[in-house]
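J.: Going down the list, the sequences are from chains V and X. Position 41 of the first sequence, counting from 1, maps to 44 under our numbering, and the rest follow consecutively. Position 608 of the second sequence, counting from 1, maps to 1968 under our numbering, and the rest follow consecutively. From the three backbone atoms N, C-alpha and C, an ideal C-beta is built for every residue, glycine too. Being a predicted model, the structure only gives us computed values, none of them experimental.
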Amino acid sequence: MRKQSHSTAVALGGALLLCAAAMAPVAQAAVESTDPIKLTIHDWTGQYLTTHIMGEVLKKAGYNIEYVQADYIAQFAGLETGDLHIAMEMWETTGKQAMDQSLATGKTVDLGETGMDAKEEWWYPVYMKERCPGLPDWKALNDCAEAFSTPETAPKGRYLGGPVTWAGFDDERAEALGLNYEVVHAGTDAALFAELESAIQRKEPILLWIYAPHWAVAKYQGEWIEFPEYTDACYEDPSWGMNKDMAYDCGKPFGWIKKVGWKDGEKKWPGAYKAVRNFHIENDAMSQLIVEVDLNGRSVDDVVADWMKNNESTWKAWIN
Amino acid sequence: MSVVSAALEHRTARISPWLAAWAGLLVVTIALYFARDLIPWAFKYPRGWQLPLHGWISAFMKWLINSFDLGLFTFKELTRGIAWVIEKPYWLVKSLLSTGFLKGVGSYAEQVFPRLSWLAVIATVVLFARHVKDWKLALLAGICFGYLAVFGQWDSAMITLSSIAIAVPFGVAGGLFLGIAALRSRRFEIVLTPILDLMQTVPVFAYLIPVLILFSFGPVSAMIATIIYAMPPMVRVTMLALRSVPAEVVESGRMSGCTKRQLLWKVQLPSAMPTLMVGVNQVIMLSLNMVIIASMIGAGGLGYDVLTALKRLQIGQGVEAGVAITLLAIALDRLSQASARRAPATRNAQLRGWRRHPYLTIFFTVTAATWILGLWFPALSNYPDAWEITTGSFWGDVVRYINVNFFDVLDAMKNFLLLNVMIPLKRFLLSLPWVAVAGMAAIAGLQLGGWRLGLLTGSLATFIAVVGLWAKAMVTVYLCGLAVIIACLIGIPIGIAAARNDRLHRIVSVIIDTLQTLPSFVYLMPVVMLFRVGDFAALLAVVAYAITPAIRYTDHGVRSVSPDLIEAATQAGCTRGQILRKVQLPLALPQIMLGVNQTIMMALSMLVITALVGTRELGQEVYIALTKADTGKGLVAGVCVAFIAIIADRLIGAWAWRRKRELGLE
């Protein structure tokens, strides 16, 4: 097989050269540089959608676009060297530290907010309200610890936290608020939602960390726990809040989701960078798109194409 | 017989000082336990004494990337050069199989020439299979590739196949080269052996970040990580194969006046071919094992499909893509095996034209015909969506049914094991002083392999404490140790049964082939749904993966006991059970222990995956480092995993070697 494919490959190579010589150059709109702009894609649907929307818009403006898969945090190494150019979603709740570090090198640039708000908090399915009437107030949690417990954690309740890498200070929060709960960390969000799905199939108790925009919030009925509202002082100053000796005695911060880019790219494709800065979409609109893809099983390309058709005036304003 | 009894006597004579040593260690441990308030450092290695090794490694990497200059070019330019060498052939294969030949880059790219049609690719594998073996193999290959088209996995499978088609030759060639070099220079071999150990046991996540930074983002980095992971068996097999070429063969080559190079290429390598193919098989299998992890850093393809499907809890799609990986592995494996065993071509030189190359002719005909006709009938070049079938929500429904109806039973089982075995064991191991555990490793090494081994195992264990990862290492030992015990308890009896029954042997072979190539991620998520996030789910996943060598090696070991011995035992009036207990099992023990050894390696290599369901051990440390892009931290934790593996490997190896010598097998 090897030998055959080699000889075919050689033949094809020859054919390719002939074709290339014969073809006329492709018509292109006037843009600053025809080098491909590399947009990074990560592993969650929302980011996939925002990136593809941005990519399609830039294509309409005549830019050359390439999508490159890169890890959410590891991508900064690439953004700093110019291997990668634009990252569409950097969440304050999970990526702020890495982003600040990278911006400090002077090789990347903050391209402003996307308009979406990242929300993450403790969450429960709505049927738990019958078993724990005080919800969603966090003060009810201790009374229901038994209801949320499993044999491993009993008599303490069980709270399934996000992956350790996404921080969130849940161990500290449980301690500071005197919650009688054991914090169990899921390794990935896939495992997290697998357990949620399983519990909901059986209508079993579950209390876990969820973030939005995400399909789970649309698919399952549930509510966020209401903790004392977050302020910067709560995380930094132990004396703030009900626990005078500890920080983290409040809920989680809601935060921006920003775009980041390779600094020198701004000189290379000023128009494209301007369009990225202009990019704006709201949580609700994004949630709907995510539901289309994750729950209704439509392809990202279809959903993006629909959005482009229905929101022509919106994206036209970004590139002009 | 007299040799054995002499050895036994020898052993009983020597046993008492070792007994004293172990008793001494026990006393010291208990003493330490009571004095734990006086000498806390023996239990918890003090933070102040820790070696900031990970900081040094990170700093070194920064220097390597930003400022290391080799004179004519920088280190980074060198690595980018290597990436270029791999990227070009990849581009060619990918164009041929997946994207078609493109002009321009990014979204400006336009197809100037289409890819091979699905019919042409299937025709290729079928004809190739017929060419190297028979129609039976051709049918198998056809079914495997047919599945890819029918279940709508074609596009992804071709991307995966392209990267495998590049990674495997590079892995094989690199392995051959290193193996030959090690054979020629003893000094090189001494340096290479520990590096091979590390390449095989350091979890892949640990070096993904440095690879990404050095070789740029995209499929090439994924391929390089795959090559690093898949190459070591090829190196080892090359060394073994070339060494075991009979001296007479080499001698006759010399006598006929071969130069050193001719001797290698014309005599040694051809006669070592069958063994070398075992290495090729391992490279293929390990490359396909990496498909999921490679997709996490941009390889795309089937691995990416499995990952995204399971993130959305679409278990059915995950299973379909996972099975596609398994079938691809099976097809490539069987084809490579058959082509290696193929008898030299008996081509009739009298024939001319297409009669002389019938398969090549059919191949070109099909390719050209589908290309041309494909312009009018697209179904010939791309498998139409409408013909695709899917298992739909079937698998999801199965899991749901079990979940709703059997959860209580499963949960009770889980809780029993968790509360009575797992948690107590974990607490016990965590409460042991590290000094005593390191001492235990050292004494075991001393007893089984002499002072050099004792020194090695003792210092490797101490290293783990010194870099401050002791507690996580103990959780690793607990999880892997328990998984290995369970895998052996289940696997060894199955292996023995399979060795004594041919039909069972065939069934078991298919099951373990599947278990080994089906990406563990596919069954990890259903396991989480049924058993919740935590150690138990992780344990099940590790057992499912690590059980294969326990079965395989036991089966092989029991089967390869010399028939003469069994004949002799039968003559002496032994029953079947007696033959098994008194003859087959003792003689197969070294082989079985090799299986246990491999079980441990497999269990450790699953750690990184179990970190994805929230276990808190070294694998998780590596995974955190990956997501934070912390090179030093990841590598240090990875090396600790490798050290645990090396300790286990060396101890078992030394033990098996002694046993073999006692039984007169070596």
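Between residue 37 of chain V and chain X, is the shortest Cβ-Cβ distance under 9 Å, so that the two count as touching?
T.: It does: the Cβ of residue 37 of chain V has a partner Cβ on chain X nearer than 9 Å.
J.: Taking the alpha-carbon positions, what's the residue 1717 of chain X to residue 189 of chain V distance?
T.: One C-alpha to the other measures close to 58 Å.
J.: Using C-beta distances below 8 Å, list every residue in its chain close to residue 2003 of chain X, excluding the 5 sequence neighbours before and after it, in chain order.
T.: Cβ within range, chain order: 1820, 1821, 1823, 1824.
J.: With a cut-off of 8 Å, do at least 3 Cβ pairs link the segment 1993-2008 of chain X to the segment 1404-1417 of chain X?
T.: Output reads yes: the segment 1404-1417 of chain X touches the segment 1993-2008 of chain X.
J.: Return the residues of the segment 1755-1777 of chain X that lie within a Cβ-Cβ distance of less than 7 Å from chain V, sorted by chain order.
T.: Per Cβ criterion, the list reads 1760, 1763, 1764, 1767, 1775.
J.: When the cut-off is 9 Å and only beta carbons count, does residue 46 of chain V lie next to chain X?
T.: By this cut-off, residue 46 of chain V is an interface position.
J.: Using a Cβ-Cβ distance under 9 Å, would residue 301 of chain V count as near chain X?
T.: So no, residue 301 of chain V is outside the interface.
J.: Are residue 1657 of chain X and residue 1572 of chain X close, meaning C-beta to C-beta below 9 Å?
T.: Yes, these two residues count as a Cβ contact at 9 Å.
J.: So the beta strand (DSSP E) residue 117 of chain V belongs to, where does it begin and stop?
T.: 111-128 is the span of the beta strand (DSSP E), which, as asked, contains residue 117 of chain V.
J.: For residue 1569 of chain X and residue 1849 of chain X, I'd like the C-alpha separation in whole angstroms.
T.: When rounded, the distance between both Cα atoms is 38 Å.
J.: Any idea which residues DSSP pairs residue 161 of chain V with across the strands?
T.: Paired residues: V:185.
J.: To which residues of the same chain is residue 1958 of chain X closer than 7 Å at the C-beta, ignoring the five residues directly before and after it?
T.: Excluding positions up to five away in sequence, the list reads 1909, 1913.
J.: With 9 Å set as the bound, which would you pick, yes or no: does the beta-carbon of residue 2003 of chain X sit closer than that to a beta-carbon of chain V?
T.: Chain V, which has no Cβ nearer than 9 Å to the Cβ of residue 2003 of chain X, makes this no.
J.: Between residue 1744 of chain X and the rest of its own chain, which residues show a CB-CB distance below 8 Å, the 5 nearest in sequence each way excluded?
T.: Contacts found: 1738.
J.: Just mark residue 1475 of chain X as buried or exposed, buried being the case when its beta carbon has 16 or more other beta carbons within 10 Å.
T.: With 16 or more Cβ atoms within 10 Å of its Cβ, residue 1475 of chain X is classed as buried.
J.: Since residue 1971 of chain X meets chain V, which of its residues come closer than 7 Å, beta carbon to beta carbon?
T.: Chain V residues near residue 1971 of chain X: 190.
J.: List the endpoints of the continuous alpha helix (DSSP H) containing residue 1783 of chain X.
T.: Run containing residue 1783 of chain X: 1783-1791, per the alpha helix (DSSP H) assignment.
J.: Look up residue 225 of chain V in the DSSP assignment and give the residues it is bridged to.
T.: Residue 225 of chain V pairs with V:128.
J.: Which of the three DSSP states is assigned to residue 285 of chain V in this structure?
T.: Coil.
J.: Answer with yes or no whether the minimum CB distance from residue 155 of chain V to chain X is below 9 Å.
T.: By this cut-off, residue 155 of chain V is an interface position.
J.: Using the three-state DSSP reduction, which class does residue 140 of chain V fall into: helix, strand or coil?
T.: The answer is strand: DSSP assigns residue 140 of chain V an E or B state.
J.: Give a yes or no on whether the C-beta atoms belonging to residue 1903 of chain X and residue 1858 of chain X are separated by under 9 Å.
T.: Not a contact, by the Cβ cut-off of 9 Å.
J.: My understanding is that residue 1493 of chain X touches residue 1698 of chain X, with C-beta atoms under 8 Å, so please give their C-beta distance in whole angstroms.
T.: Confirmed, Cβ separation roughly 4 Å.
J.: Using a Cβ-Cβ cut-off of 9 Å, state whether residue 62 of chain V counts as contacting chain X.
T.: Closer than 9 Å: yes.
J.: Nearest-angstrom Cα distance between residue 311 of chain V and residue 1409 of chain X?
T.: Taking the straight line from one Cα to the other gives about 60 Å.
J.: Taking the alpha carbon of residue 1684 of chain X as the point to measure from, which residue in X:1742, X:1516, X:1944, X:1446 has its own alpha carbon closest?
T.: Answer by Cα proximity: X:1516.
J.: Would residue 1884 of chain X pass as a contact of residue 1670 of chain X if the rule is Cβ separation under 9 Å?
T.: A contact, by the Cβ cut-off of 9 Å.
J.: Pick out the complete alpha helix (DSSP H) segments inside the segment 1814-1901 of chain X, 4 residues or longer, and give them in chain order.
T.: Taking only runs of at least 4 residues, the alpha helix (DSSP H) segments lying wholly in the segment 1814-1901 of chain X are 1830-1860, 1862-1877, 1880-1891.
J.: Quick check: is the beta carbon of residue 310 of chain V nearer than 9 Å to any beta carbon in chain X?
T.: No, residue 310 of chain V lies away from the interface with chain X (no Cβ there is under 9 Å from its Cβ).
J.: Measure from the C-beta of residue 81 of chain V to each C-beta in chain X and report whether the shortest distance is under 9 Å.
T.: Yes, its Cβ sits closer than 9 Å to a Cβ of chain X.
J.: Between which two residues does the alpha helix (DSSP H) carrying residue 210 of chain V extend?
T.: Segment: none, residue 210 of chain V is in no alpha helix (DSSP H) and carries neither H nor E.
J.: Using DSSP bridges, identify the partner residues of residue 1470 of chain X.
T.: Residue 1470 of chain X pairs with X:1463.
J.: So is residue 305 of chain V in contact with chain X if we call contact Cβ pairs under 9 Å?
T.: For residue 305 of chain V, the answer is no, since every Cβ of chain X falls outside 9 Å of its Cβ.
J.: CB-CB under 7 Å to residue 270 of chain V, same chain, minus the five flanking residues each way: which ones, in chain order?
T.: None.
J.: For the pair the segment 89-98 of chain V and the segment 258-278 of chain V, tell me if three or more CB-CB distances fall below 8 Å.
T.: Yes, since at least three Cβ pairs between the segment 89-98 of chain V and the segment 258-278 of chain V fall closer than 8 Å, the two stretches touch.
J.: Assuming residue 279 of chain V contacts residue 295 of chain V under a Cβ cut-off of 8 Å, what Cβ separation, rounded to an integer in Å, is found between them?
T.: Incorrect: roughly 24 Å between the Cβ atoms, too far for contact.
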